[in-house]
Structure formats: structure tokens, C-alpha cells
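So for the sequence shown, the numbering used here puts the first residue at 80; every next one is plus one.
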Amino acid sequence: MKDAGLNFDNSWVRDLPGTFVELAPDAAPDPRLLVLNDALAEALGLDPAVLAAHPEWFAGGDLPEGARSVALAYAGHQFGGFSAQLGDGRAHLLGEHVAPDGRRWDLQLKGSGRTPFSRGGDGKAAVGPMLREYLISEAMAALGVPSTRSLAVATTGETIRREAGLLPGAVVARVAASHIRVGSFQFWAAREDVAQLAALADYAIARHDPDLIGREDHVVAFLDRVIGRQCRLIAQWMGLGFVHGVMNTDNMAVSGETIDYGPCAFMEGYAPGTVFSSIDRNGRYAYANQPLILGWNLARLAEALVPLIPGEGEAVVADLNARLSGIAGRYRAEWEVVMRRKLGLAGEEPADGALADDLLSAMTGADWTLTFHRLADAAEGDETGLRGLFEDFAAIEAWLPRWRARLDKGSAARMRGVNPVVIPRNHKVEEALAAAEAGDLGPFQALLAQVTRPFGAERGREAYVLPAPKGFGDYVTFCGT
Ligand code: AMP
Ligand code: MG
80 MKDAGLNFDN
90 SWVRDLPGTF
100 VELAPDAAPD
110 PRLLVLNDAL
120 AEALGLDPAV
130 LAAHPEWFAG
140 GDLPEGARSV
150 ALAYAGHQFG
160 GFSAQLGDGR
170 AHLLGEHVAP
180 DGRRWDLQLK
190 GSGRTPFSRG
200 GDGKAAVGPM
210 LREYLISEAM
220 AALGVPSTRS
230 LAVATTGETI
240 RREAGLLPGA
250 VVARVAASHI
260 RVGSFQFWAA
270 REDVAQLAAL
280 ADYAIARHDP
290 DLIGREDHVV
300 AFLDRVIGRQ
310 CRLIAQWMGL
320 GFVHGVMNTD
330 NMAVSGETID
340 YGPCAFMEGY
350 APGTVFSSID
360 RNGRYAYANQ
370 PLILGWNLAR
380 LAEALVPLIP
390 GEGEAVVADL
400 NARLSGIAGR
410 YRAEWEVVMR
420 RKLGLAGEEP
430 ADGALADDLL
440 SAMTGADWTL
450 TFHRLADAAE
460 GDETGLRGLF
470 EDFAAIEAWL
480 PRWRARLDKG
490 SAARMRGVNP
500 VVIPRNHKVE
510 EALAAAEAGD
520 LGPFQALLAQ
530 VTRPFGAERG
540 REAYVLPAPK
550 GFGDYVTFCG
560 T
């Protein structure tokens with residue numbers, strides 16, 4: 080039998096004793112693959128046909144050779160409150176697959192059983208939320224946003240109990256640059272274990288910023304890199320109208336990838352206060368708050384790293400404070416880069432930021448995705464599509480000439496390359512997941528094919544392009560528990 084191409088290393092187990100518990104995923108009574116990401120498998124040097132012959136690797140059961148299954152410990156601020164003891168409560172890290180190009184990818188199962196970190200939870204996941212993670216993470220990757228990827232979703236053959244009733248259990252196999260979270264550092268900072276904290280920092284630097292190894296200021300430089308990656312990431316989210324929904328510090332990866340797709344969703348009509356998650360009652364993680372939470376979470380990372388930073392206490396804190404105060408400006412610069420691209424502006428002019436701000440003020444209520452998509456037509460003189468998005472076109476009409484003055488011949492083409500026409504629309508996601516839960520994967524596969532080709536013309540894909548019908552109402556999402 081041909082081998083799958085899996086090439087496991089287990090550096091976490093080797094380098095970070097004390098930060099995990101080694102235990103196997105639950106064995107699934109009837110493992111079956113629902114979806115397998117052939118393209119991702121091939122990009123990682125894996126043979127999809129061999130993977131397809133081993134649903135038990137994905138649903139939980141026999142592990143592929145070389146895997147060492149562990150649940151990682153971490154801490155985190157959840158909705159602002161600190162928990163010193165969190166961790167993978169329903170996930171098992173199988174190890175790192177080292178691809179033929181030498182890149183190292185964590186392979187993790189989620190929904191694969193209880194661990195010592197499960198607290199009250201059952202360690203399981205339902206098929207809907209796992210397909211949701213697969214769909215949205217693959218959409219994000221296709222949109223050019225750093226993200227964990229989904230290799231497969233498998234059903235376990237178990238039935239699990241949720242508020243909605245008894246549901247089929249499933250596991251998503253996810254691939255990540257790493258699973259090191261802000262909360263991973265908080266775990267050892269809370270225990271005042273400087274040796275463990277230092278080992279984790281060295282490990283994270285070796286994986287994500289190896290050029291910093293050996294530098295005396297490596298910890299501060301690492302913090303600076305994480306700040307840079309996260310500012311770029313959140314700016315990309317904002318440009319796409321993406322609302323993560325649970326930006327707890329345990330859901331923020333130092334790799335700069337989007338991680339932990341739970342109650343996330345894409346905004347349709349532009350409204351800064353957009354919240355989808357049923358548990359986010361105060362709007363802490365609302366669309367427009369994400370850049371503020373970014374700064375808040377990075378401040379928690381900086382605090383956790385303090386014991387590792389050489390120098391006199393007050394000077395260290397003053398330096399960190401200066402870096403933290405700089406985040407708002409760094410984020411704003413990244414956001415302006417995103418907005419210049421979305422608006423087709425070449426070069427950089429001082430008034431560009433205000434131009435973007437003023438568009439936002441003028442577009443309240445208009446569909447976020449389609450406004451930018453149709454602005455490309457407007458750049459070529461056709462405003463019909465754009466007009467159709469606004470109940471009152473007066474404000475945008477006053478803004479258009481200022482924008483036109485900044486355009487050039489290539490603007491429309493560049494805009495079409497960055498402004499998607501298809502995003503995972505909430506009503507389409509719900510429709511696809513409902514059908515999948517009832518045993519029909521057709522709508523899911525069709526939607527997946529659409530959201531992984533997010534750019535191009537509207538014609539021929541209207542069902543995926545247009546906003547939810549009015550009757551769909553306000554969209555509410557639930558954590559995958
Ligand atoms: P989240 O905010 O979805 O990333 O989850 C927060 C924490 O709850 C993580 O530590 C998860 O491992 C844990 N968790 C979520 N769902 C379950 C479940 N069904 N069983 C056990 N732990 C869970
Ligand atoms: Mg999480």
C-alpha cells in the first residue's frame with residue numbers, strides 16, 4: 080500500500096514537556112469522511128487517495144504512523160475575564176507534518192473527545208459547526224487571509240446532545256502554522272514559571288521568527304512581529320467585513336493566522352456595531368471593536384512576556400507601553416493599505432485615509448461586499464449596480480467625485496482582484512449546513528466551490544452573490560459547543 084506522505088515530527092512533545100497531556104482521541108464507532116480537501120492535501124505533499132482510505136485517522140481511532148496525540152494547555156481572557164486554566168478541551172494535536180518543501184504544519188483534530196481540559200464539556204462537536212469551520216476557513220484562505228486550513232471533516236457515527244437536540248458527531252482536521260496562542264504565554268505567566276515561559280518563547284520564535292534566534296532583544300522583537308502580523312490580519316478582516324465573534328486571548332495565534340472559527344460571520348449591510356454571536360451580549364467583539372480588542376489582546380501578550388525581557392523594570396515597562404501605544408497607528412496604517420487597494424488607489428496620498436473614512440460614513444446599511452465590488456464598475460463609468468445598493472444615494476454621490484480624482488486606468492482591474500464578489504453569505508451557509516445535517520452534501524459542496532473562487536463577475540452566480548432576502552432577519556450564531 081502506498082503511504083499517505085505524512086511525515087510527522089513531534090517537536091511540541093520533545094521541546095515543551097509540561098505544556099500538554101498525551102492522550103488518544105476517542106475511537107469513533109463508525110468513521111466516515113464527509114469532505115476531504117484534495118487540493119490542500121496535495122499542497123502539503125499528501126496523497127488524497129490514501130487519506131480517503133483512512134477515515135479513522137480523521138474521526139478518531141487508529142492514528143497515522145508517527146503521530147503523538149496531545150491536548151495543549153493554555154490560559155486566556157474570555158470576554159475580558161481571565162481563566163488561568165483552559166486548554167484543548169475537545170482537540171488533539173497529532174503532531175507536525177513536515178511538508179516536502181520543509182514547511183512545518185500542525186495537524187489537529189477538533190471534536191475528538193474529552194481531555195483533562197474539557198471542564199464541563201463533552202469533548203465533541205456536531206457536524207454543522209465542523210463543516211462551518213471547514214467552509215469559512217477555506218473561504219478565508221481563498222480570500223488571501225492568513226488562516227488555519229481544513230483538511231477534512233469526518234463523522235464519528237456517534238450522536239451528541241446539544242440544545243438543538245441529538246446531532247451527528249463530527250471531527251474537523253485542521254492544519255495550522257502552529258497552535259501557539261496569546262493564552263499559551265498567559266498560562267506560564269500566571270504560574271510565574273519563567274523557565275517554561277522562556278522555553279515557549281524560544282519554541283515560538285524558532286517556528287515563526289527564526290531570524291530572531293540569538294538576538295539579545297529576541298523577546299521584544301518577537302512581540303513586535305506578532306503585533307505586525309496581527310495588525311495586518313485584523314485589517315484584512317475589516318476589509319472583508321469579517322466578524323470573528325470570539326476574540327478571546329486564547330483564540331489569537333502568534334502566527335498571525337485566523338484561528339477558532341466558532342460564531343464568526345460576514346457582515347452584509349455595513350453597520351459598525353454588527354454582532355452575530357448569541358453570547359456576545361455587550362458587543363465586545365462587534366465588527367468595529369475588533370481593532371480595539373486587537374490592542375487589548377496584544378497588551379495581554381506583552382504583560383505575559385515581561386519576565387523574559389532583560390533590563391531594569393521601569394525601563395522595560397516604559398518601552399512596552401510605547402510599543403503598545405503604537406499599535407493603533409500601526410493598525411491604522413495597515414487598514415489604509417487595505418482600503419487603498421479596495422478603492423483602486425495607486426500610490427499613497429495624505430487624504431486617502433479620510434477618503435476611506437468618508438465612504439464608510441456614506442455607506443451605512445449598504446451591502447459591504449457588493450459596494451466595493453460594484454465600485455469597480457463605477458470606476459469604469461457604470462454606476463447602475465452601485466445605485467441599487469443604496470436607499471439614499473445622495474451621500475455616496477457627493478463622495479464619488481473625490482474618489483474618481485484618485486483613479487487611474489488600472490484601478491477597476493486592480494479592484495476586481497481584491498474585492499470579492501462571493502463571500503459565505505449567512506443564509507447560504509445556513510442552507511448548506513441544514514442540508515448537510517439532513518444528509519445532502521450537495522449544497523455544501525456547491526457553496527464551497529463558490530466561496531473558494533471569490534473573485535470575478537456577478538453574472539451566472541447571482542444566488543451566491545446577492546444579500547440575504549429580507550425575510551432571513553437578523554443572523555445569530557452560536558459557539559460550536
Ligand atoms: P472557544 O472559545 O470555542 O475557542 O472554546 C473555549 C474553550 O472551551 C476551549 O478551551 C475549548 O477547548 C473548550 N470547549 C469548547 N467546546 C467544548 C466541548 N464541547 N467540550 C469540551 N471543551 C470544549
Ligand atoms: Mg478556542
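Cβ atoms here follow ideal geometry from the backbone N, Cα and C, with glycine treated the same way.
All of these numbers come straight from a predicted model, not from anything done at the bench.
Would the beta-carbon of residue i be found less than 7 Å away from any heavy atom of ligand 1?
i: residue 31; result: The question about residue 31 has no answer, for the chain in this structure spans 80 to 560.
i: residue 145; result: no
i: residue 168; result: yes
i: residue 325; result: yes
i: residue 343; result: no
i: residue 105; result: no
i: residue 165; result: yes
i: residue 159; result: no
i: residue 557; result: no
i: residue 84; result: no
i: residue 348; result: no
i: residue 266; result: no
i: residue 196; result: yes
i: residue 139; result: no
i: residue 200; result: yes
i: residue 203; result: yes
Look up residue i in the DSSP assignment and give the residues it is bridged to.
i: residue 189; result: 170 and 251
i: residue 239; result: 246
i: residue 157; result: 160
i: residue 356; result: 556
i: residue 506; result: Looking at the DSSP assignment, residue 506 forms no beta bridge with any residue, so it has no partner.
i: residue 205; result: 248
i: residue 176; result: 87 and 184
i: residue 216; result: According to DSSP, residue 216 bridges with nothing at all.
i: residue 150; result: 100
i: residue 443; result: DSSP lists no partner for residue 443.
i: residue 233; result: 112 and 250
i: residue 226; result: 337
i: residue 260; result: 332
Can you find a heavy atom of ligand 2 that lies under 7 Å from the Cβ of residue i?
i: residue 376; result: no
i: residue 329; result: yes
i: residue 359; result: no
i: residue 288; result: no
i: residue 185; result: no
i: residue 436; result: no
i: residue 339; result: yes
Whether or not the stretch 204 to 222 and the stretch 333 to 352 are in contact is what I'm after, with contact meaning three or more pairs of Cβ atoms, one per stretch, closer than 8 Å; do they touch?
Short answer: they touch.
Hey, which unbroken runs of the alpha helix (DSSP H) at 4 residues or more fall wholly within the stretch 286 to 324?
297 to 319
Are three or more beta carbon pairs between the stretch 349 to 359 and the stretch 301 to 313 nearer than 8 Å?
no
Inter-stretch contact (C-beta, 8 Å, three-pair minimum) for the stretch 408 to 426 and the stretch 322 to 330:
With the cut-off at 8 Å, the stretch 408 to 426 and the stretch 322 to 330 do not touch.
Below 8 Å, can you find three or more Cβ-Cβ pairs linking the stretch 95 to 107 to the stretch 131 to 150?
yes
Start-end ranges of the beta strand (DSSP E) lying completely within the stretch 96 to 143, minimum 3 residues
99 to 101 and 111 to 115, all fully within the stretch 96 to 143.
Pairs of beta-carbons, one from the stretch 272 to 286 and one from the stretch 162 to 172, closer than 8 Å: are there three or more?
With the cut-off at 8 Å, the stretch 272 to 286 and the stretch 162 to 172 do not touch.
My parser needs the alpha helix (DSSP H) runs of 4 or more residues fully inside the stretch 335 to 384; what are they?
369 to 384
Does the stretch 360 to 375 touch the stretch 240 to 254, meaning 3 or more C-beta pairs lie closer than 8 Å?
no
Validate contact between the stretch 157 to 168 and the stretch 107 to 118 using beta carbons, cut 8 Å, 3 pairs:
no
Under 8 Å, with one C-beta from each stretch per pair, do the stretch 176 to 188 and the stretch 153 to 161 reach the 3-pair mark?
no
Tell me, please, whether the stretch 248 to 268 touches the stretch 137 to 146 by the rule of three or more beta-carbon pairs shorter than 8 Å.
yes
Enumerated in chain order, which unbroken segments of the alpha helix (DSSP H) with a length of 4 residues or greater are wholly contained in the stretch 503 to 543?
DSSP runs (the alpha helix (DSSP H)) wholly in the stretch 503 to 543: 505 to 516 and 521 to 530.
For the stretch 439 to 454 against the stretch 463 to 476, are there 3 or more C-beta pairs whose distance is under 8 Å?
yes
Do three or more CB pairs link the stretch 226 to 240 to the stretch 518 to 538 at distances below 8 Å?
no
Cβ contact check for the stretch 290 to 303 and the stretch 194 to 204: 3 or more pairs under 8 Å:
They do not touch, by the three-pair rule.
Could you check whether the stretch 499 to 509 touches the stretch 528 to 543, counting it as contact only if at least three pairs of C-beta atoms, one from each stretch, sit closer than 8 Å?
Enough Cβ pairs lie closer than 8 Å, so yes.
Can you give, in chain order, each stretch of the alpha helix (DSSP H) that sits fully within the stretch 448 to 498 and has at least 4 residues?
Every unbroken stretch of the alpha helix (DSSP H) spanning 4 or more residues and falling wholly within the stretch 448 to 498 is given here in chain order: 463 to 466, 473 to 483 and 490 to 497.
Could you say if the stretch 380 to 391 and the stretch 251 to 264 meet the contact criterion of at least three C-beta pairs nearer than 8 Å?
yes
Could you say if the stretch 544 to 559 and the stretch 339 to 354 meet the contact criterion of at least three C-beta pairs nearer than 8 Å?
yes
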